[in-house]
Structure formats: structure tokens, C-alpha cells
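Participant: Residue numbers (the numbering used here): 3 to 669.
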Ligand code: PRX
């Protein structure tokens, strides 16, 4: 049997087991999109139909053209239009809802802040003025290294206000990772906070920015430092004369300042978000202002089904794309109340999430399969202890196993809330495959239908399309551009083409029909037209929803002095989805030891961050290599996952995998 037949047989059996779940009539009655023609309308009227998304925003000048496809894959969306993202997320709501809470922030230590739209307006204006005082000008990229504190969305919106693209680096990244991103973005100004809470500890966070600025090639002019506790700097934090400025002081100087939102071209970049690819260096996905904001706003409205009156909680981190699109930009553009939580979900107890949901009467909840699996492991007694009632729930970031889906539906959604399983990526800006919840029934484990106007297809490795809805697995591609897509890889158009287009496009063509976006995921187009996402096909893994490149991990491990060669593969993990396993050959004469192991762990923590820590480190004598010397990671992955090795005859030394397996089992 071929691999494809294997996959088909496994899926066939899973498919027949899964039933559909219907949204309740109450949900459908109130949903934002009940127009069953929407799919046909967007298909027939592509790309003009996307104008409806842009019309959800306020524009200073209306666009001339919905899609400029004259130079694929460098598309233009809503070209000729002008708008400001901060004005769309704040100013335009002031007449109607200035006293409504925009951000509802819960600190891990129990502190709470209700930031109304009027408060947000004030603070964003002050911060915009502060950034200008620090020398930031329109089009300068400002790097942020902020955890889940109000300073983060405030700084993002302040940057957007003055037309300075922000580049937020997830707070869990190490100093080295921050330094790499500061260098790549060429930022003169970096913004951090003195500290934040994690499992009861008040961490010194500024220290990482200090180290990063030492490590960076770039001479950063200013480091702006927020204080987690108003006017009280973390006791271990110092300020470097001439370089470091306290945000509180800059804001006090600008107490009553108003800063006119800069009218940005629709195509001007709004932000960068670095993400891992198949090569060592992370790439800065550059998102445009008009297309991105239109897409994030429309999908928040139609997929997440948010109303301005809702209390909406996406329990992701703003340091990743999910938080950008679905904590900050989409929900605030719609004028809703968006909840932010600083800390760990099990601190000080495992009911923390449900306690917050009850306290704020959250209507719409959004989390990851990793979190669902963790809640499931902790047990249903925790949610059952609290009184909350979700209308709608989302999952994002990884495939969700039907068992976890069913648990989420039963114990969190009370068999009443709808669930949308949203497939998308840092690059796509917003959801591409997921059901419009009032229009399509739910099916556990399937992301569902493509969003309106989105045209996915499944190709074989030669780029030939598989028959539609045939239930076969292949490469997931998107055949037509959409407004939320990345513009390019920051500063590297060639890499943009190489990573996303070259494999399945005719790169000499200037006809958009010849350009196909490669998602890097495997998927099945099921017989009912739903898409089931299988996971990454390239050397990228997904650890508890954090995207990591095996090359990045390998280069971190290879920096350890005694390491001669290293290979990193992903092992399936009950809770985290995937975890990295490291296979290492040590230099001649070096014996495996706990000390070397520890140095490898430290290298990964220092190069990337603690969240990337290896699951297991195996010291081996050899690695499986082809005759041309390429490491066959697939075989190591089979060993890690206790699977059959399959054909090893093409290896230079076919006995290597078995030897490694024996060695690993002995360890
Ligand atoms: O493999 C897919 C997986 O996450 C990858 C994108 O990761 P990132 O850019 O960090 O963005 C995560 C949040 C959008 C994808 O290539 N992925 C994302 N959503 C799903 C998913 N896998 C299965 N089902 C999903 N709903």
C-alpha cells in the first residue's frame, strides 16, 4: 500500500466516526452572517466582493482599485485608499461608546484595569507623542518586546497612529532572538517593560532588552521602558544614561497631547511579525495597513461573530499573530470589549481561566488546542466550579483531535456554544479556512470550509492538482490572493518568492493565475468539501502553538562547542502537539555527559527562548544520511515517534537508523 493509501484508510475510518454538530437556532438567529449566498457571491464577484470588508472601516480617501494584480506576487489591495489603523480602532468609536471598556486587563496578581475607549484614546495619544519625542518618525520600524500588559496594545496603536510599523517580539524570546530581530528590522527605538508576573514571580524583563542591545550589531538610540507598577520601577532594573527613557516620564510631558493620526496609504506597512521558516533566519512578515485591517476586522465579525456589546476573550498572546489580529486589531476595529490576561492559566489555581470568564461574563472565547488538551488533563471539575456561558468558541494554531474538540464542546461550551476551528498563519493575516458558524455545521477535527473569496486547492508534490473533495492528502495551496496576505518578507522580496511561491508557480509569468501560494501544510479536501489540516510538511514544527524551525534549533545546538553535528525532529506529544527531539554527534574524544546536555539546553534557551527547550537529547555515533550526505530527518522522526522505519536502502549506511533506535532505547 502506498503512503497515500495509508492516509486515506486512516482518514476514512476517522471520517465515518465523526458526526456533524449544528449551531443552535438561538445562535443562528443572532449571527452576523446568515447570508447563505455569501460563498457564491465572493466566488463570482472576485475580487470586487472584498470591498465589503474594506467598507467596515473608515477611510480618509476611498480606494481606486480593490486588487492591483499587475505585478504578482506583489499585489496591492485597496490601492489609492488612505486610512489610519489607530483611528479605526479608537477615534471612530468615541461618539458612540467612549465610556465602554475597550481593553479589560487582568493582571496575574489580581490587579485589574478597565481601559475605556476614551482612556485608550488618551493613552495612545500620549504614547504617540512620547514616541515622537524619542525620535520616531513615520515609516521607522519600532521593535517592541512586551508581555501581556496594557502597554503592548497601547504601544502598537501609538505606532500605528504615527505611521511607524511596529515589530513585536514575543516576550518569551531570548535576548539573542530579540537582537536578531532588532538588527533585521533596523530599529532605532526599542520598547520594553521593567517586569511582569509569571506564576507569582515578578520577572525582571528589561534585562533581556539590555542584553539584546549589547548583542545587536545595531546601535539602538533609545530604549523606552514602561513600568508594570505605575511610577515604581522593578527593584533590579537600572536605566542607562542617555539611552533609556521611562515611558511614564515621556507621557507625563505629553499629558494632554493629541497626535493627529497619519493618513496612511492602504499599502503602507502596518507591522512586521517575525516567524520561523525552513532556513535558520526568522523572516519578517510585512503586513499592509488597508488589506490587513479590512481582513482582520471582517473575519472578527463574521467568523468570531463579535458584536460591539460583547465581552470577547482571546486567551492567546499578543506577541504572536493571533493576538495582533484577534485581540487587538479586529476586535477593537469593531468597537468591542477585548479581555487580556497577563499570567499563567494555572496560577494561582487551575480554575483561573474560568474564574476570569465568570467574573467578566465573557460571551466569546478563543484558545488553542494545546490549551484545550491541558484543560482536559486537569479535568472538568475546574470549569464546572464556575458560572460562565459562552456563545461562541474558537480554536486556532494546530489540528485539534476530535476527542479534545468533543471535550471542549461538552465541558466548556455546555453543548450549546458553536466552535470554529480556524486555520491560518502569520503570513495570511487572518482566517482562511474555517466555517462561518451560522452557515456550516461543525465537524470535530476539520477546519471546515474556505472563507468567502478564498480558493484553496490540494496539489501533489509535482504541483498537479488532486481531484476536488476526493479525500486525498497533499500540499495545501491558495490559488488567489486575499486582502490579509503578507506583502513581502521585510527587506527580502526574493525570499518572499522562494518561501511561498516558487514551488508551485510559474515565476516568469505576470498573470496572477500562474501564481500559487504554498502554505507549507499538508491537508485533505474531504468528500463533504471540508478541509482537514494535517500539519506542516516542511521543517517547521508547532510546539504548544509556537512555531519553530528545525534549522533554528539545529543552529542553536551546533553552537555548543563539543557538538560536531546535530539534527532536530519533532516528536508527537499528548499535550503540546509536538516537541523537539535533538540527535547529537559529539566531537572526537568528548564523552556524553549531563554537563554537555545542560549546555545544549542552555544554548537553545539563549538563542531562541525557554519555550523551545528540547524534549530529549540523544547522543549518537552517526546520523542517517543519503549518499550525497543529506540528513534524513524523516527516519529520526520515525524513531522519535516509535514508528516503522520504512525503506532505508537509499542511505549511505542503511544500518544507522536501527543502531540509533537501539541506542535511544538503551538510554
Ligand atoms: O501548521 C498550521 C498550524 O499553524 C501554522 C501557522 O502557525 P503560525 O504562523 O504561528 O500561526 C498560528 C496562528 C494562526 C499553520 O501552517 N495551524 C494553524 N491553525 C491551524 C493549524 N493547524 C491545524 N488546524 C488549525 N486550525
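From the three backbone atoms N, C-alpha and C, an ideal C-beta is built for every residue, glycine too.
Less than 8 Å separating the beta-carbons of residue 161 and residue 167?
Facilitator: Taking the first residue of the chain shown as position 1, residue 161 is located at position 159. Taking the first residue of the chain shown as position 1, residue 167 is located at position 165. In contact: residue 161 and residue 167 (Cβ atoms closer than 8 Å).
Participant: Mark residue 447 as exposed unless 16 or more other C-beta atoms lie within 10 angstroms of its C-beta, in which case mark it buried.
Facilitator: The residue given as residue 447 occupies position 445 in the chain shown. So residue 447 counts as buried.
Participant: Should residue 360 and residue 108 be called a contact, given that it needs their Cβ atoms to be closer than 8 Å?
Facilitator: Taking the first residue of the chain shown as 1, we reach residue 360 at position 358. Taking the first residue of the chain shown as 1, we reach residue 108 at position 106. Not closer than 8 Å, so no.
Participant: Any heavy atom of the ligand PRX closer than 7 Å to the Cβ of residue 701?
Facilitator: In the structure as shown, the chain begins at 3 and stops at 669. Residue 701 is therefore absent and cannot be evaluated.
Participant: Is any non-hydrogen atom of the ligand PRX found closer than 7 Å to the C-beta of residue 425, if you look at the structure I gave you?
Facilitator: Numbered from its first residue, the chain shown carries residue 425 at position 423. Yes, the beta carbon of residue 425 sits closer than 7 Å to at least one heavy atom of the ligand PRX.
Participant: Does DSSP put residue 618 in a helix, a strand or coil?
Facilitator: Position 616 of the chain shown, counting from 1, holds the residue named residue 618. Three-state DSSP puts residue 618 in a strand.
Participant: Less than 7 Å between C-beta atoms, sequence neighbours within five positions excluded: which residues of the same chain meet that for residue 427?
Facilitator: Start at 1 with the first residue of the chain shown, and residue 427 comes out as number 425. Only 521 meet the Cβ criterion.
Participant: If you measure from the CB of residue 544, is any heavy atom of the ligand PRX nearer than 7 Å?
Facilitator: Position 542 of the chain shown holds residue 544. Because some heavy atom of the ligand PRX lies under 7 Å away, the Cβ of residue 544 counts as near it: yes.
Participant: Among 619, 509 and 569, whose alpha-carbon lies nearest the alpha-carbon of residue 73?
Facilitator: Locating residue 73 in the chain shown gives position 71, where the first residue counts as 1. Residue 509 is the option with its Cα nearest to residue 73.
Participant: CB of residue 380 to nearest heavy atom of the ligand PRX: below 7 Å?
Facilitator: Numbered from its first residue, the chain shown carries residue 380 at position 378. It does not: the Cβ of residue 380 is nowhere closer than 7 Å to a heavy atom of the ligand PRX.
Participant: Am I right that residue 583 and residue 642 are in contact with their C-beta atoms under 8 Å? What's the rounded C-beta distance?
Facilitator: By one-based count along the chain shown, residue 583 stands at place 581. By one-based count along the chain shown, residue 642 stands at place 640. The pair is a contact, with the Cβ atoms about 4 Å apart (cut-off 8 Å).
Participant: Residue 713 and residue 647 look like a contact to me (Cβ under 8 Å); what is the Cβ gap, rounded to whole Å?
Facilitator: For the chain, the structure presents residues 3 to 669; residue 713 sits outside this window and is missing.
Participant: Runs of 3 residues minimum, wholly inside the region 406-480: which ones carry the beta strand (DSSP E) assignment?
Facilitator: 420-424, 458-461 and 475-480
Participant: Between the region 251-268 and the region 79-97, do at least 3 Cβ pairs fall closer than 8 Å?
Facilitator: Segments in contact, yes.
Participant: Would you mind sorting residue 6 into buried or exposed? The rule is 16 or more other CB atoms within 10 Å of its CB.
Facilitator: In the chain shown, residue 6 corresponds to position 4, counting from 1. With a pLDDT of 47 at residue 6, under the threshold of 50, the predicted position of this residue should be treated as unreliable, though the coordinate-derived value follows. By the neighbour-count rule (16 or more Cβ atoms within 10 Å), residue 6 is not buried but exposed.
Participant: For residue 675, does the three-state DSSP call read helix, strand or coil?
Facilitator: No answer is possible for residue 675: the residues shown for the chain start at 3 and end at 669.
Participant: DSSP three-state call for residue 4: helix, strand or coil?
Facilitator: Translated into positions along the chain shown, residue 4 becomes position 2. Because residue 4 carries a pLDDT of 43, less than 50, the predicted location of this residue cannot be relied on, and the following value inherits that uncertainty. It is coil, neither helix nor strand.
Participant: Quick check: is any heavy atom of the ligand PRX less than 7 Å from the C-beta of residue 246?
Facilitator: The count along the chain shown starts at 1 and reaches residue 246 at position 244. Every heavy atom of the ligand PRX is 7 Å or more from the Cβ of residue 246, so no.
Participant: Quick check: the Cα distance between residue 586 and residue 263, rounded to an integer number of angstroms?
Facilitator: Working through the chain shown from its first residue, we reach residue 586 at position 584. Working through the chain shown from its first residue, we reach residue 263 at position 261. One C-alpha to the other measures close to 53 Å.
Participant: So, are the CB atoms of residue 298 and residue 431 less than 8 Å apart?
Facilitator: For the purposes of this step, residue 298 is taken as the residue at position 296 of the chain shown. For the purposes of this step, residue 431 is taken as the residue at position 429 of the chain shown. Cβ distance < 8 Å, so residue 298 and residue 431 count as in contact.
Participant: For the structure I just gave you, are there three or more beta carbon pairs, one from the region 175-183 and one from the region 595-614, closer than 8 Å?
Facilitator: Touching, yes.
Participant: Using C-beta distances below 7 Å, list every residue in its chain close to residue 566, excluding the 5 sequence neighbours before and after it, in chain order.
Facilitator: Counted from its first residue, the chain shown places residue 566 at position 564. The answer, listed in chain order, is 587, 588 and 589.
Participant: Enumerate in chain order the residues of its own chain whose CB-to-CB distance from residue 137 is below 7 Å, with the five nearest sequence positions on each side excluded.
Facilitator: Locating residue 137 in the chain shown gives position 135, where the first residue counts as 1. Here the set comprises 190, 191, 223 and 224.
Participant: Over what stretch of residues does the alpha helix (DSSP H) that includes residue 498 continue unbroken?
Facilitator: On the chain shown, position 496 is the one that residue 498 refers to. Element bounds for residue 498: 495-502.
Participant: Helix, strand or coil: which one does DSSP assign to residue 256?
Facilitator: The count along the chain shown starts at 1 and reaches residue 256 at position 254. In this structure, DSSP gives residue 256 a state outside helix and strand, which the three-state scheme calls coil.
Participant: If you draw a straight line from the alpha carbon of residue 120 to that of residue 433, how long is it in whole angstroms?
Facilitator: If you number the chain shown from 1, residue 120 lands on position 118. If you number the chain shown from 1, residue 433 lands on position 431. If I take the Cα positions, the gap works out to 30 Å.
Participant: What residue ranges within the region 300-387 form continuous alpha helix (DSSP H) runs of no fewer than 4 residues, ordered along the chain?
Facilitator: 332-335, 354-362, 371-380 and 383-386
Participant: Expressed to the nearest angstrom, what Euclidean distance is found between the alpha-carbon atoms of residue 563 and residue 543?
Facilitator: Looking up residue 563 in the chain shown gives position 561. Looking up residue 543 in the chain shown gives position 541. Cα-Cα distance, rounded: 25 Å.
Participant: In angstroms, rounded to a whole number, what distance separates the CA positions of residue 663 and residue 273?
Facilitator: For the purposes of this step, residue 663 is identified with residue 661 of the chain shown, where counting begins at 1. For the purposes of this step, residue 273 is identified with residue 271 of the chain shown, where counting begins at 1. Using only the alpha carbons, I get a separation of about 45 Å.
Participant: Flag this pair as yes or no: are the beta carbons of residue 626 and residue 638 separated by less than 8 Å?
Facilitator: To locate residue 626, count along the chain shown from 1; it is residue 624. To locate residue 638, count along the chain shown from 1; it is residue 636. Taking 8 Å as the Cβ cut-off, residue 626 and residue 638 qualify as a contacting pair.
Participant: Taking one C-beta from the region 274-287 and one from the region 540-554 each time, how about it: are there three or more such pairs within less than 8 Å?
Facilitator: yes
Participant: When you compare each of 341, 388 and 196 to residue 103 by their alpha carbons, which one comes out closest?
Facilitator: Against the chain shown, residue 103 aligns to sequence position 101. Nearest of 341, 388 and 196 to residue 103, Cα basis: 341.
Participant: What is the residue span of the beta strand (DSSP E) that residue 157 lies within?
Facilitator: Sequence index remark: in the chain shown, residue 157 carries index 155 (1-based). Premise fails: residue 157 lies in the alpha helix (DSSP H), 153-164, not in any beta strand (DSSP E).
Participant: Can you find the residues in the same chain that come closer than 8 Å, C-beta to C-beta, to residue 408, ignoring five residues on each side of it along the sequence?
Facilitator: Numbered from 1 along the chain shown, position 406 holds the residue referred to as residue 408. Only 446 meet the Cβ criterion.
Participant: Pull up the DSSP beta-bridge partners for residue 2, would you.
Facilitator: Because the chain here runs from 3 to 669, residue 2 falls outside it and cannot be looked at.
Participant: Does the separation of the CB atoms of residue 2 and residue 450 fall below 8 Å?
Facilitator: There is simply no residue 2 to check, as the chain begins at 3 and stops at 669 in what is shown.
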